[in-house]
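In the working numbering, the protein residues as written are 308 to 637.
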């Protein structure tokens, strides 16, 4: 473990979580990058730099965790690739638009592997859904209906939600980028997208400049359809998805931590994952990233790009009142 030199960029809630998890897994050689750190001693004596440039000038790293606001990802990713950091963990989403991303498609030729932090791939409930779908437990899949909502002021009670990343266009905020997990896992489970249409709203009540409600309709190349509802207004977290097939349905409920399989005989089988804690996902994805062995649950850069393309297309669809088709999603 000591041969692995890690740099974490950004010490907000997610950067701090990764730091604590890496320490709990036994990794000690960690450098931190944050312009806001006033008490380095709070970070167990780890070296702290105010900029990534300074961190790269002083050390060479084997692994990096990019946990900064979305709008900063591309510039920081470019610096890490140029420094030939061999493995880069990029918090989702990859960026807030599609500008300047082609350059990273060839990163592997430079010996750099880029992964995107879609931790829901490591949720045991969603992993079970994937297994059931692959085993054709409900036969041909006709549709998937995803719903996610949470009250934005409750997300980060320690800050004014009107000044946070979610509220600001320039920082890559908005409900579609914030809750991009739904776009990602539907592609992960159902495959490539053929068309998309969407409508989003920007309402005044939350006093933010980004979209706070969105509804998306997707047709997959398999013929299945998908819907995604996203909002910043649910007072109690709702995050679930219902998959309807020729032989039955599967309901994944993240908030309840259950998966319900209902087949044609109307018998329900409920799988309970209440003993699985949220942080377990982050521990599992950190292990997968740091290990040398491959894990097909971890999201590659190319896979992460598909979900970003789908969000960008959804926004364009809403703005232009049109249905958008492939090859935008290739």
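Even for Gly, the Cβ is constructed at its ideal location relative to N, Cα and C.
- In the structure shown, the three-state DSSP call for residue 385 is helix.
- Of all alpha-carbon atoms in 482, 566 and 406, the one lying nearest the alpha-carbon of residue 621 is that of 482.
- In this structure, DSSP gives residue 423 an extended state, which the three-state scheme calls strand.
- The beta carbons of residue 497 and residue 454 sit about 16 Å from each other, so the pair does not count as a contact at 8 Å.
- Burial state of residue 558 is buried, judged by a 10 Å Cβ sphere holding 16 or more other Cβ atoms.
- Looking at the DSSP output, residue 506 sits in a beta bridge with 522.
- Of 431, 391, 314 and 399, the smallest CA-CA separation from residue 610 is found for 399.
- About 16 Å separates the CB atoms of residue 367 and residue 334; that is not less than 8 Å, and the two are not in contact.
- In this structure residue 374 does not touch residue 337 by the C-beta definition: roughly 13 Å separates them, more than the 8 Å allowed.
- Distance from the Cα of residue 439 is smallest, within the candidate group 606, 417 and 550, for 550.
- Bridge pairing for residue 555: 570 [DSSP].
- For residue 358, the secondary structure class from DSSP, reduced to helix, strand or coil, is coil.
- When 383, 521 and 408 are compared, the shortest CA-CA separation from residue 360 is found for 383.
- With respect to the C-alpha of residue 405, the residue from 538, 615 and 319 having the closest C-alpha is 615.
- Less than 8 Å separates the beta-carbon of residue 397 from that of residue 424.
- Its chain contains 338 as the residues whose beta carbon lies nearer than 6 Å to that of residue 354, once the 5 sequence neighbours on both sides are disregarded; these appear in chain order.
- The way I'd put it, the region 440-448 doesn't touch the region 468-484; fewer than three beta-carbon pairs between them come closer than 8 Å.
- Residue 619: member of the alpha helix (DSSP H) spanning 608-627, first to last residue.
- Bounds of any beta strand (DSSP E) do not take in residue 331; it lies within the alpha helix (DSSP H) bounded by 320-331.
- Where residue 494 is concerned, there is no enclosing beta strand (DSSP E), although the alpha helix (DSSP H) around it starts and stops at 488-497.
- Under the 8 Å Cβ criterion, the region 431-438 does not count as touching the region 527-545, having fewer than three qualifying pairs.
- A straight line joining the alpha-carbon of residue 474 with that of residue 512 spans about 12 Å.
- DSSP places residue 592 in the uninterrupted alpha helix (DSSP H) bounded by 585-597.
- Judged by DSSP in its simplified three-state form, residue 546 adopts strand.
- Here residue 546 is not near residue 430, since their CB atoms are 8 Å or more apart.
- Under the DSSP assignment, residue 533 falls in the beta strand (DSSP E) whose first and last residues are 532-538.
- Counting only runs of 4 or more residues that sit fully inside the region 431-468, the alpha helix (DSSP H) segments are 431-441 and 459-462, in chain order.
- Comparing alpha carbon positions, the residue from 563, 471, 502 and 357 closest to residue 582 is 563.
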